[in-house]
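Residue numbers (my numbering): 222 to 448.
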C-alpha cells in the first residue's frame with residue numbers, strides 16, 4: 222500500500238503538538254505544510270492555522286482530491302461547499318465530542334428552561350469559542366449570551382484550573398434551571414494531549430474510510446461510529 226501524506230498547516234501549539242506526536246499510523250507520513258508542495262497524489266490536509274494559507278490548501282485539495290480536516294474555528298470552511306471531503310472539527314477531544322453529539326441530538330428538549338453557558342480558555346485565544354457556540358446552538362441559546370473567561374485569577378480561583386494549565390486549557394459549563402431544580406454539566410480539558418490524540422483518531426477515520434465529497438462535521442464521524 223502506498224504511503225499517504227498528511228500535511229499539517231499552522232505554527233501554533235496544536236499544530237506543533239501534532240507534528241511532534243508519535244502517531245505511528247500505518248502507511249501515513251505526517252509532514253509540515255509547505256506552499257511549494259507539488260505532489261499530485263491524494264493526501265490529507267490538517268489545517269490548524271489562522272487562515273492565511275487557507276486558499277492554497279483548498280486549491281491543493283481540489284486539485285489532488287485530498288481530504289481537508291479543519292481544526293480552526295470561525296473560518297469560511299464552516300459554510301463551504303466542496304468537491305472533496307471536508308471535515309469541520311470545532312473540537313478534537315473525543316470524550317467531549319461525544320458529549321456535544323449527545324447535546325446536539327437531545328438539546329431541543331431543554332429549550333423552555335433557563336440556560337447559562339460559560340467557557341474559559343487561555344488568555345491568548347483570540348478566535349471565537351467554537352465549542353461553546355456549538356453548545357449554544359444545540360440548546361437554542363444566542364451566541365452573545367455565552368460568557369467567556371480569559372482572566373487568569375478567575376480561572377485559577379473560581380473555576381479551579383490548575384496554574385500549570387492556565388495557558389493550555391478548555392473549560393465549559395452548562396447550567397440548566399427549572400425553579401429550584403438545577404442540572405450542571407462541566408467539561409474540562411487540560412493540555413494538548415487530548416486534542417492531539419483526538420486528531421490521530423480523526424486522521425485514522427479519514428484514512429480508513431472513504432468519505433463523500435462534501436462538507437462533513439466531526440459529529441458525522443461520531444454518528445457513523447468512526448470515532
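Using N, Cα and C, we set each Cβ at its ideal position, and we do this for glycine too.
As the structure is a prediction and not an experimental result, all values here were calculated from the model.
Item                                                                                                                                                              : Value
Using 8 angstroms as the threshold, is the C-beta distance between residue 448 and residue 433 below it?                                                          : no
Nearest-angstrom Cα distance between residue 372 and residue 380?                                                                                                 : 11 angstroms
Can you check DSSP and say which residues form a bridge with residue 307?                                                                                         : 289 and 436
Tell me whether residue 323 sits in a helix, a strand or coil according to DSSP, three-state version.                                                             : helix
Compute the distance between the beta-carbons of residue 281 and residue 266, then report whether it is under 8 angstroms.                                        : yes
Using the rule of at least 16 other Cβ atoms within 10 Å of the residue's Cβ for burial, across every protein chain shown, is residue 436 buried or exposed?      : buried
Would you mind giving the Cβ-Cβ distance between residue 307 and residue 301, rounded to the nearest angstrom? I have them listed as a contact below 8 angstroms. : 7 angstroms
Look at the alpha carbon of residue 238 and the alpha carbon of residue 230, and state the distance between them as a whole number of angstroms.                  : 12 angstroms
Let me check understanding here. Comparing Cα to Cα, which of 243, 251 and 242 lies closest to residue 227?                                                       : 251
Look up residue 413 in the DSSP assignment and say whether it is helix, strand or coil.                                                                           : coil
Could you give the DSSP three-state label for residue 378: helix, strand or coil?                                                                                 : helix
Name the DSSP bridge partner or partners of residue 230?                                                                                                          : 268
For residue 302, name the three-state secondary structure that DSSP assigns.                                                                                      : coil
With burial defined as no fewer than 16 other Cβ atoms inside 10 Å of the residue's Cβ, what is the status of residue 315: buried or exposed?                     : buried
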